Amino acid sequence: MTSLFDPIKIGDISLANRIVMAPLTRNRAVGGIPTATMAEHYRQRASAGLIVTEASHVSAMAQGYLDTPGIFLAEHVEAWRRITDGVHAAGGKIVIQLWHVGRISHSSLLPNGIAPVSATSTPAKTMTFTRDGFVPVSPPRALRDDELPGLVAEYRHAARCAMQAGFDGVEVHSANTYLLEQFLRDSINDRSGPYGGSIPNRARLLQEVMQAVTEEVGAARTGIRISPMTTFGNSSELDSNPQALYGYVVEQLAPMGLAYVHVIEGETGGPRQPEGAPEFDYAALRKRFPGAWLVNNSYTRITGMEAVASGKADLVAFGRPFISNPDLVRRLKDNAPFNELRTDKLYGGDGEGYTDYPALAG
Ligand code: 8OZ
Numbered sequence: 022m023t024s025l026f027d028p029i030k031i032g033d034i035s036l037a038n039r040i041v042m043a044p045l046t047r048n049r050a051v052g053g054i055p056t057a058t059m060a061e062h063y064r065q066r067a068s069a070g071l072i073v074t075e076a077s078h079v080s081a082m083a084q085g086y087l088d089t090p091g092i093f094l095a096e097h098v099e100a101w102r103r104i105t106d107g108v109h110a111a112g113g114k115i116v117i118q119l120w121h122v123g124r125i126s127h128s129s130l131l132p133n134g135i136a137p138v139s140a141t142s143t144p145a146k147t148m149t150f151t152r153d154g155f156v157p158v159s160p161p162r163a164l165r166d167d168e169l170p171g172l173v174a175e176y177r178h179a180a181r182c183a184m185q186a187g188f189d190g191v192e193v194h195s196a197n198t199y200l201l202e203q204f205l206r207d208s209i210n211d212r213s214g215p216y217g218g219s220i221p222n223r224a225r226l227l228q229e230v231m232q233a234v235t236e237e238v239g240a241a242r243t244g245i246r247i248s249p250m251t252t253f254g255n256s257s258e259l260d261s262n263p264q265a266l267y268g269y270v271v272e273q274l275a276p277m278g279l280a281y282v283h284v285i286e287g288e289t290g291g292p293r294q295p296e297g298a299p300e301f302d303y304a305a306l307r308k309r310f311p312g313a314w315l316v317n318n319s320y321t322r323i324t325g326m327e328a329v330a331s332g333k334a335d336l337v338a339f340g341r342p343f344i345s346n347p348d349l350v351r352r353l354k355d356n357a358p359f360n361e362l363r364t365d366k367l368y369g370g371d372g373e374g375y376t377d378y379p380a381l382a383g
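In terms of my numbering, the sequence shown opens at residue 22 and continues consecutively.
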């Protein structure tokens, strides 16, 4: 029987175990440049089979929250290089999550204070975090079709930067109602033309992004994250037929030879079967994909071990447990207690609640 603690090769990336550190936004990259404190944070967690970095914006227009890291300038590459070197020296593997927020942004975070861009000009019903604290997101401008090749080129450039920075690969963020999902879902995408309407049309931008990124990185070093049922409380933002939409997405990805699909089951950071939400058949999705299957959302030691032992998943990503336990792999193995999570130190700040969680002695 396969164990959570067994090694695995996903695409071209060999991992010491099947425990993945989920991408976790922490807003400590002041001015977008990864810091030495971030390097220490990731190095401390290098016993994870794989680290997926916090979401990192692929261009200036891709940013939606204060002090998230970028991956498109020479300064970003240089700073991330110190992080990948540290993780590799400690025996770990690390991929970077490539992110465009689309309409989940605020003009004060964007060049010359311009409007965020999206598939639509309808604002999201949500808040973002800026220099002035939490504020409603700004109304977006709908991208013209002739701007989309430029957008794809931003992902391509960021993917190239990621490889220059020494990452083992990249994960394309196509989850949590950010830009790529703003195109995918018929509840958000109100376009006509080649990028609106039918499922193949709504999935076209994602396909083009995946094509460009895999050309730069290699498909065997590229993963993708999806969240078919996530709404962040705005249930009207669910696609009208998630099973058909994400089934199509995964089927289109299958022949590319990707390293993995990373699926958030249920409501991101919330219940796996939200009350009143339609059920989603994740097993049916997995059947369409030949590569490694990575699951996430509130897994525990027991349910994580079961997921791998039963063959339901190849790998399990843990988010919050990795924040408070740098040695999470050892604690899972030894069934040791977890440190308590300091929820007041999640977003922004320094090493407090970030690099000061103790590892077990000995
Ligand atoms: C928490 C706060 C801000 C952004 C996501 C990148 O949900 C995020 C995120 C999480 O994918």
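Yeah, the Cβ is synthetic: ideal placement off N, Cα and C, and Gly gets one too. Quick caveat, the model's predicted, so the values are computed rather than measured.
Using 8 Å as the limit for Cβ to Cβ distance, is residue i near chain B?
i: Ala136; result: You won't find chain B in this structure, because it holds only one protein chain.
State the beta-bridge partners of residue i as determined by DSSP.
i: Val73; result: Val116
i: Arg162; result: Val138
i: Leu36; result: Ile29
i: Ala338; result: Val41, Asn317
Tell me whether residue i sits in a helix, a strand or coil according to DSSP, three-state version.
i: Phe26; result: coil
i: Arg206; result: coil
i: Asn360; result: coil
i: Pro44; result: coil
i: His121; result: coil
i: Phe343; result: helix
i: Val79; result: coil
i: Pro157; result: strand
i: Gly53; result: helix
i: Thr147; result: coil
i: Gly91; result: strand
i: Thr58; result: helix
i: Arg64; result: helix
i: Gly370; result: coil
i: Thr376; result: coil
i: Tyr86; result: coil
i: Ala111; result: coil
i: Lys354; result: helix
i: His97; result: helix
i: Asp167; result: helix
i: Asn133; result: helix
i: Ser126; result: coil
Cβ-heavy atom distance between residue i and ligand 1 below 7 Å?
i: Asn356; result: no
i: Thr364; result: no
i: Ile151; result: Per the sequence shown, the amino acid found at residue 151 is Thr instead of Ile. No, the beta carbon of Thr151 sits no closer than 7 Å to any heavy atom of ligand 1.
i: Thr147; result: no
i: Tyr86; result: yes
i: Thr141; result: no
i: Asn346; result: no
i: Ala196; result: yes
i: Ala76; result: yes
i: Thr321; result: no
i: Thr46; result: yes
i: Thr252; result: no
i: Thr289; result: yes
Taking the alpha-carbon of residue i as reference, which of the options has the nearest alpha-carbon?
i: His127; options: Val158, Val98, Met326; result: Val158
i: Ala342; options: Leu336, Leu353, Glu75; result: For the sequence presented, residue 342 should be read as Pro rather than Ala. Selected option, being the one with the closest Cα: Leu353.
i: Val282; options: Ala111, Ser24, Gln118; result: Gln118
i: Ala334; options: Pro311, Pro347, Arg351; result: Pro311
i: Ser208; options: Ala140, Ile31, Ala111; result: Ala140
i: Glu361; options: Asp377, Glu272, Ser219, Val116; result: Asp377
i: Phe26; options: Gly369, Ala382, Asp302, Val350; result: Val350
i: Ile344; options: Tyr368, Gly325, Val329; result: Tyr368
i: Ser387; options: Gly332, Asp365, Ala186; result: Here the chain covers residues 22 to 383 and nothing more, so residue 387 does not appear.
i: Val122; options: Gly91, Ala313, Gln232; result: Gly91
i: Gly70; options: Ala95, Arg49, Val116, Ile104; result: Val116
i: Arg293; options: Val79, Ser129, Asn317, Gly112; result: Asn317
i: Gly154; options: Pro161, Pro160, Gly291, Ser129; result: Ser129
i: Gly374; options: Met42, Met59, Ile34, Thr243; result: Met59
i: Glu96; options: Lys308, Pro55, Asn346; result: Pro55
i: Arg363; options: Pro160, Asn346, Ala357; result: Asn346
i: Gly290; options: Tyr320, Arg102, Pro263, Pro161; result: Tyr320
i: Gln228; options: Leu279, Arg212, Thr252, Ser261; result: Leu279
i: Pro161; options: Arg49, Gly32, Gly85, Ala179; result: Gly85
* **Entirely enclosed beta strand (DSSP E) segments - the stretch 270 to 319, minimum 3 residues** => Uninterrupted beta strand (DSSP E) stretches at least 3 residues long and entirely within the stretch 270 to 319 occur at 281 to 285, 313 to 317, given in chain order.
* With a floor of 4 residues, list each alpha helix (DSSP H) that falls wholly inside the stretch 185 to 253, ordered by position along the chain. => Whole alpha helix (DSSP H) segments, 4+ residues: 200 to 205, 220 to 223, 225 to 238.
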